[in-house]
């Protein structure tokens, strides 16, 4: 072994130290994917250009990795210096050699038989800091793993899963805090957002998304209803290092469909929160859907862009909300700038000048069922939008699907389903979907690519002029980011229900997505 | 009155769906509540509303069947008494598309009363001759070209093995004379992801080189569509290769038999179809 080879070995450490600074400057290392959305601003955009509009037609699978679990495989892999770190359902983690797909280690967690999840024992991804990975679990723990071996560094209880809490969200690390949200909006939990010291697992702060007695916003809940107010935090937020603010969405109030026991606006359900990541202090909030009765969680990745709005430079946050409106807010102050439907909706006449919906009467759930656009699963859902600085377009996977909402009994028992109603499909009305490109500043549709059915997968845009997306029928495809023209497609054989990423290995660009129970890695 | 909040607390608390308690105890609990609730006067308008919201998508707004069984019968095979019906509504039927539906005891009683009202309607006396109907089915009407019984016959239309259980005579008669009036609904029970659509949508395509095909959609995605033609052949197309693609929502691929069969013959075929109860 030559001296040079040994030196090379040491200069390219196999396991990297990922600092918060590296994540903050993620555009400096476009070959890696260091955090859930690719950067702190929530772009899900790859600056890589090797795969582009001219050659994407030649894209083909390079390797696949199959999991051994029947729950949905919804992970966003992290790509760090030649290794992909993925979570697997229900709450497992695996490191894969990015070159070959061969596992390097596996963390396998035994799940208690009585975990409470509304919609499958899933996990959406890991966070990394230093050489530690962070995994939220369906039994509501947060686990720190040695990224070199998968060995547990610490394992702490975030909440008691027996009362309906679970974790499916990918955490993010801001400075030395691991920020993790909670699921359980169908179980009458009291929602929160937590921060834990990356080194020790000690909790540094907790922000309750349903204010307790004496706290501002508590008056928006009738009687004792705040105790089962839900407002879960189950999709990863974004972070503005300059303003030092964390942006995180909250879900539905409990019970979902029957608002009678919880008269009031029900803060901070269905809201976007701007929080100081050092202290957990709330800077501002914006509620998209006050007193929600349609389960329109605001659990989305907020997209942070420095834009020009009305001729003035503005730090904005853009959200395509489950209620079918696209919103633009000033992210320093929370001021409402713009709101416009991006998908069909029949519940609001519009938004007033402060962004509050003006309701169409008679759209609440009823005994006989009330048909509303969007349906329960919304104009979009948890899967990610994408923003390309190259085109200045905001891309959203939109759903055109009405459902009929009906009322049920608002009866709470600890750890039990607490939705007080439900939904049905509409006979004879076939739902559909589309990938839509919106002008970031105006929310105006620039193009759309129609989909046969309402999608369950997010989007990735790239500096190669591409937008990658997927279908329930198993297609992974690439569109021209400027025009929406289809450039490439591949049939994976399983529904896509995740978010794509892109990374470099051996200097070559790859695109990865899960489909069915398989992780696919595509290259030229 | 809103039945959700107007319930006495004592009744509400009996409907306790804890996932940890065992199913048998739960069944007893629910049935106890049901018996208790049955002493209340079930509200007929509530029963109708609930039926339309929860049941009609499969069992038809008049209860005379659809994807789900025809409820307009004196005796429901799986639900000979009200307790059995309560159990089916509350727990669903495992292994079938019949879902569980959680209701208050009074709501449950109201739905049951409404369902039972279908069976009390004066039942239609069938005037047709089932045996003659069977002959017509095979010969003159040529139903087997498109429909199968016990896996024998055509593939374009729905399987008819158990159609006599699923559909009322009124429905079957209407389907024969006015097929468009009774197209099986799709998308009725919500599906997060559809593997195979469960309707019989008629589609017409024109290929780029001018060839025309009409048939029933077998499957479809963003990029392709599969169609079964009248001869039972699968035609598969990439949408980019089609000049035209029409979806004839509300149109059945089945022809009307109004002018093909006499009144008597029509009743014979109805009688035959009613005799198809699924038994081999």
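Residue numbers (the working numbering), protein chains in the order written: chain X, 2 to 525; chain A, 61 to 340.
Beta carbons: idealized from backbone N, C-alpha and C, even for Gly.
Remember, predicted model here, so these are calculated numbers, not experimental data.
Its chain contains 307, 332, 333 as the residues whose beta carbon lies nearer than 6 Å to that of residue 316 of chain X, once the 5 sequence neighbours on both sides are disregarded; these appear in chain order. At a Cβ-Cβ threshold of 8 Å, residue 137 of chain X and residue 181 of chain X count as neighbours.
Comparing alpha carbon positions, the residue from X/212, X/135, X/310, X/159 closest to residue 88 of chain X is X/135. Nearest to residue 290 of chain A by C-alpha distance, out of A/110, A/216, A/142, is A/216. Taking 8 Å as the threshold, the shortest C-beta distance from residue 263 of chain A to chain X does not fall below it. By the Cβ neighbour-count rule, residue 245 of chain X is exposed, with fewer than 16 other Cβ atoms within 10 Å of its own. Of all residues in the segment 136–165 of chain A, those with a C-beta nearer than 7 Å to a C-beta of chain X are 162, 164, reading in chain order.
In the structure shown, the three-state DSSP call for residue 516 of chain X is strand. In the structure shown, residue 129 of chain X falls within a strand segment according to DSSP collapsed to helix, strand and coil. Not a single C-beta of chain X is nearer than 8 Å to the C-beta of residue 172 of chain A. Look at residue 179 of chain A here: in three-state DSSP terms it is helix. Taking CB atoms only, residue 75 of chain X has no neighbour in chain A less than 8 Å away. Selection A/123, A/108, A/183, A/127 evaluated against residue 259 of chain A yields A/127 as nearest (Cα-Cα). A Cβ-Cβ distance of about 17 Å is found for the pair residue 248 of chain X and residue 268 of chain X, leaving them out of contact under the 8 Å criterion. Those residues of the segment 281–306 of chain A placed with their C-beta closer than 8 Å to a C-beta in chain X are 281, 282, 283, ordered along the chain. In this structure, DSSP gives residue 369 of chain X a state outside helix and strand, which the three-state scheme calls coil. Scanning the segment 299–349 of chain X for uninterrupted beta strand (DSSP E) segments of 3 residues or longer gives 304–310, 313–321, 326–331, 337–342, listed from N- to C-terminal end.
Fully contained in the segment 413–438 of chain X are the following beta strand (DSSP E) runs of length 3 or more, in chain order: 422–425.
Secondary structure note for residue 193 of chain X: its beta strand (DSSP E) is the uninterrupted segment 193–198.
Taking 8 Å as the cut-off, the Cβ atoms of residue 203 of chain X and residue 21 of chain X do not count as close.
Under the DSSP definition of a beta bridge, residue 296 of chain A partners with A/286. For residue 304 of chain A, same chain residues with a beta-carbon under 8 Å away, outside a window of 5 residues either side, are 264, 265, 266 in chain order. Between the beta-carbon of residue 370 of chain X and that of residue 259 of chain X there is about 14 Å, and that puts the pair past the 8 Å contact cut.
Here DSSP, grouped into helix, strand and coil, assigns residue 401 of chain X to strand.
Counting along the chain, residue 388 of chain X sits inside the beta strand (DSSP E) bounded by residues 387–389.
For the alpha helix (DSSP H) assignment, the uninterrupted runs of no fewer than 4 residues enclosed by the segment 119–191 of chain A are, from N- to C-terminal side, 142–151, 165–180. In the structure shown, residue 175 of chain X falls within a strand segment according to DSSP collapsed to helix, strand and coil.
The beta carbon of residue 110 of chain A sits closer than 8 Å to some beta carbon of chain X.
Within its own chain, the residues whose Cβ lies closer than 8 Å to the Cβ of residue 490 of chain X, once the five positions on either side in sequence are excluded, are 476, 477, 478, 479, listed in chain order. Straight across, the Cα-Cα distance linking residue 360 of chain X with residue 289 of chain X is about 12 Å. In this structure, X/305 is the residue among X/454, X/406, X/215, X/305 with its C-alpha nearest to the C-alpha of residue 242 of chain X.
Residue range 21–25 is occupied by the alpha helix (DSSP H) that includes residue 24 of chain X. For the 8 Å CB-CB criterion, residue 184 of chain X and residue 233 of chain X form a contact. Here residue 364 of chain X carries a coil assignment [DSSP, helix/strand/coil].
Excluding five sequence positions before and after residue 275 of chain A, the CB atoms of its chain that fall closer than 6 Å to its own CB belong to 287, 288, 289, given in chain order.
Looking at X/165, X/39, X/386, X/465, the one whose alpha-carbon comes closest to that of residue 319 of chain X is X/386.
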